[in-house]
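Heads up: the structure comes next, in structure tokens.
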Amino acid sequence: MNKYKKLYMEIWNERPHVCAVCGEPIPSPVVHNFSHIYTKGAHPALKMVKANIQLWCSSVTRKEGRGCHELWSVQPHKFWIRAKQHGWEKPSVSEILELETEEV
6 MNKYKKLYME IWNERPHVCA VCGEPIPSPV VHNFSHIYTK GAHPALKMVK ANIQLWCSSV
66 TRKEGRGCHE LWSVQPHKFW IRAKQHGWEK PSVSEILELE TEEV
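Quick note: the sequence shown uses the numbering used here, first residue 6, plus one each step.
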């Protein structure tokens, strides 16, 4: 099992199986449902930090429409509308690091 799959399965086993942004149920741990809040390229130090990875719905598992994961990349303005409707706010890097410290 590669390091990402192992980390994703730990996250799947620790958290509710719903989208952190909109609350859509996530029926299975498909890789498309694990989203890095701060990208691996822009913030490589956060790529294996659990607090930087959230379960987000994707078009693969969502019953209708685009998932939050795709909207984030393809239609960010629609993502932010949905996020605001559901009260989701992007945590700062320092908040993520603080959460990670609490989990350890």
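From the three backbone atoms N, C-alpha and C, an ideal C-beta is built for every residue, glycine too.
Residue from the options with nearest C-alpha to residue i
i	options	result
L150	W93, W17 and N57	Shown here, the chain extends from 6 to 109; a query on residue 150 therefore has no answer.
E29	T44, S97, R67 and W85	R67
T44	T106, K8 and V98	V98
N18	V54, E100, L60 and H37	L60
Continuous beta strand (DSSP E) stretch holding residue i: start and end
i	result
H41	F39 to H41
C-alpha gap between residue i and residue j, whole angstroms
i	j	result
M14	S33	11 Å
W93	H48	21 Å
S64	T106	32 Å
Y9	Q90	31 Å
Residue interval of the alpha helix (DSSP H) (run including residue i)
i	result
N18	K8 to E19
Practice problem: Go through the stretch 47-90 residue by residue and report every complete run of the alpha helix (DSSP H) that reaches 4 residues or more, in order. | Solution: Whole alpha helix (DSSP H) segments, 4+ residues: 73-79.
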